[in-house]
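Here my numbering is used: the first residue of the sequence shown is 153, the next is one more, and so on.
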Amino acid sequence: MSALKLQTLTPHLYRVPLDQPVVTSFGTMRARWALWVCVRDPDGVEGWGEVWCNFPDSGALHRCRLLQEVFTPLLPVLRGDDPAQLSAQIAARTRILRLQSAEYGPLDQCAAGLDVAIWDLHARRLGQPLYEVLHRALQPTTPSPASPRVRAYASGINPQGAGQTLERAAQAGQRAFKVKVGFGDDIDLRTLQEARAAAGDRWLAADANQGWTLEQAQAFLPQLEEFNLAWMEEPLAADAPAIDWQALRAFAPMPLAAGENINHLPAFHAALQHWGLGVMQPDLAKWGGFTGCLEVVRQSRAHGVMYCPHYLGGGIGLMASAHLLAASGQDGLLEMDVNPNPLRTEALSGALMPQEGWVGLPDSPGLGLTPNLAAMKAWAQPLPI
Ligand SMILES: [Mg+2]
Numbered sequence: 153m154s155a156l157k158l159q160t161l162t163p164h165l166y167r168v169p170l171d172q173p174v175v176t177s178f179g180t181m182r183a184r185w186a187l188w189v190c191v192r193d194p195d196g197v198e199g200w201g202e203v204w205c206n207f208p209d210s211g212a213l214h215r216c217r218l219l220q221e222v223f224t225p226l227l228p229v230l231r232g233d234d235p236a237q238l239s240a241q242i243a244a245r246t247r248i249l250r251l252q253s254a255e256y257g258p259l260d261q262c263a264a265g266l267d268v269a270i271w272d273l274h275a276r277r278l279g280q281p282l283y284e285v286l287h288r289a290l291q292p293t294t295p296s297p298a299s300p301r302v303r304a305y306a307s308g309i310n311p312q313g314a315g316q317t318l319e320r321a322a323q324a325g326q327r328a329f330k331v332k333v334g335f336g337d338d339i340d341l342r343t344l345q346e347a348r349a350a351a352g353d354r355w356l357a358a359d360a361n362q363g364w365t366l367e368q369a370q371a372f373l374p375q376l377e378e379f380n381l382a383w384m385e386e387p388l389a390a391d392a393p394a395i396d397w398q399a400l401r402a403f404a405p406m407p408l409a410a411g412e413n414i415n416h417l418p419a420f421h422a423a424l425q426h427w428g429l430g431v432m433q434p435d436l437a438k439w440g441g442f443t444g445c446l447e448v449v450r451q452s453r454a455h456g457v458m459y460c461p462h463y464l465g466g467g468i469g470l471m472a473s474a475h476l477l478a479a480s481g482q483d484g485l486l487e488m489d490v491n492p493n494p495l496r497t498e499a500l501s502g503a504l505m506p507q508e509g510w511v512g513l514p515d516s517p518g519l520g521l522t523p524n525l526a527a528m529k530a531w532a533q534p535l536p537i
């Protein structure tokens, strides 16, 4: 097969205002954005990726502009046999700008979305579904699953009406649930009581979104034993020292989870070694794309830590996360937002519908998904330049 080359890069930017804001312990989301990137090779084969842009509200526009100004001019010099080579070339060519501008996050997120698009293009050229191609990259000697399914869970369940939201998710086919905490002990205990009552003995986890100090978490987590939580996510900030994570471990009657706010490979490695985590949750649209997260999956497996992708954006990134989870061969769960977001549901066109807590992946080449742009027209934003 000829070398992998890119001819065009086209960003697609969308915004949906929210009637019901999504709240977290650190802020409120009043609109949903999606930034998609489509690359095309000289033969006209396409690949799609998604760039994380949940916060702040203006962040999507900035990342779109970086794709146009910084990444598009690189296309003529990118060339290689596999996507990881192209990603290494992109990293090398943006390295000094990254340091000089200190725009680590936005540049890394653009590179991550572009990496996903390049892997999608690569798999389409091979005529194989991405989960197979990624599985080979992880475990080249064993066959990939024939018709992959992954376990899923309903995420983004706010304190307000948590029990009802959870019941709606169960009616939609989910069998595992995660609620938001970090809003004060009284509200959190009420949320967990309501959620546990609605979930019965089903899988239930909680997410504090970095909302506590070590002292607060040490005082609060022991009170949660009765809720039998599958994990507590981000009880501490992602920049809390390893010694704090270790100190919390003894107080936590549940596994600890983190990863969505870790943003370079040595930091993932250090967290896996020193934080006492039970669950590692990289977000492939936020850092690393497939190339970076494949290494996090390998390291998580080596440390006996369960890989569960973090994801709370549009449909392309969700589908990409499902492929990497299927390829991992591990029994982690796919994070699926319960909040209405046409940028997720329209893009998926009925794919990844949960049934009894499982979702099946398409087995057509690449992501198995080409977004229906006509259906997205109402939310399309003009490109900044
Ligand atoms: Mg989270």
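No residue lacks a Cβ here, since even glycine has one placed at the ideal position from N, Cα and C. Computed from a prediction, not measured in an experiment: that's the story for all the values here.
{"query": "For Ala350 and Gly315, believed in contact at Cβ under 8 Å, the rounded distance", "result": "4 Å"}
{"query": "Terminal residues of the alpha helix (DSSP H) in which Val268 lies", "result": "256-278"}
{"query": "Host alpha helix (DSSP H) of Thr365 (start-end)", "result": "Counting along the chain, Thr365 falls outside any alpha helix (DSSP H), and DSSP gives it neither H nor E."}
{"query": "Inter-residue Cα distance where the pair is Gly456 and Phe420", "result": "14 Å"}
{"query": "Distance CB(Gly257)-CB(Asn415) smaller than 8 Å", "result": "yes"}
{"query": "For Gln425, the first and last residue of its enclosing alpha helix (DSSP H)", "result": "417-426"}
{"query": "Neighbour-count burial assignment, Met570, 16 or more Cβ in a 10 Å radius", "result": "There is simply no residue 570 to check, as the chain begins at 153 and stops at 537 in what is shown."}
{"query": "Residues near Gly467 in its chain [Cβ-Cβ closer than 6 Å; skip 5 each side]", "result": "Arg496, Ala499, Leu500"}
{"query": "Cutoff 7 Å; reference Asn491; Cβ partners in own chain excluding five residues on either side", "result": "Val174, Gly308"}
{"query": "Heavy atom of ligand 2 within 7 Å of Asn361 beta-carbon", "result": "What this structure holds is ligand 1, not ligand 2."}
{"query": "CA nearest to the CA of Thr224, picked from Trp531, Gly352, Asp234, Thr246", "result": "Thr246"}
{"query": "Closer than 7 Å: Glu221 CB and nearest ligand 1 heavy atom", "result": "no"}
{"query": "Reference Leu170, options Asp209, Val203, Ser177, Gly199, closest by Cα", "result": "Asp209"}
{"query": "Enclosing beta strand (DSSP E) for Gly512 [first to last residue]", "result": "510-512"}
{"query": "In chain order, each beta strand (DSSP E) run of at least 3 residues that lies wholly inside the region 466-533", "result": "485-489, 510-512"}
{"query": "Leu366 vs Leu344 beta-carbon contact at 8 Å", "result": "no"}
{"query": "Local conformation of Gly334 per DSSP, three classes", "result": "coil"}
{"query": "CA-to-CA distance, Cys205 to Asp337, given in whole angstroms", "result": "30 Å"}
{"query": "Same chain, Cβ closer than 7 Å to Ala243, neighbours up to 5 away in sequence not counted", "result": "Ala263"}
{"query": "Pro514 versus Leu521 - alpha carbon distance", "result": "8 Å"}
{"query": "7 Å Cβ shell around Asp489 - same chain, five flanking residues per side excluded", "result": "Ser307, Gly308, Leu464, Arg496"}
{"query": "Nearest to Arg301 (by Cα), restricted to the options Glu284, Gly199, Ala422, Glu198", "result": "Glu284"}
{"query": "Pair within 8 Å by beta-carbon distance, Gly199 and Gly518", "result": "yes"}
{"query": "Exposed unless 16 or more other CB atoms sit within 10 angstroms - verdict on Val189", "result": "buried"}
{"query": "Distance cut-off 7 Å: Glu346 Cβ against heavy atoms of ligand 1", "result": "no"}
{"query": "Expected contact under 8 Å - CB spacing of Asp435 and Glu412 to nearest Å", "result": "5 Å"}
{"query": "Residue ranges of each alpha helix (DSSP H) within the region 198-224, 4 or longer", "result": "211-218"}
{"query": "beta-carbon His462 near ligand 1 non-hydrogen atom, thresh 7 Å", "result": "yes"}
{"query": "Range of the contiguous alpha helix (DSSP H) that encloses His287", "result": "282-290"}
{"query": "Span separating the alpha-carbon of Leu278 from that of Gln451", "result": "27 Å"}
{"query": "Meets three-Cβ-pair contact criterion under 8 Å: the region 179-195 and the region 154-165", "result": "yes"}
{"query": "Residue environment, Asp272, which counts as buried when at least 16 other CB atoms sit within 10 Å", "result": "buried"}
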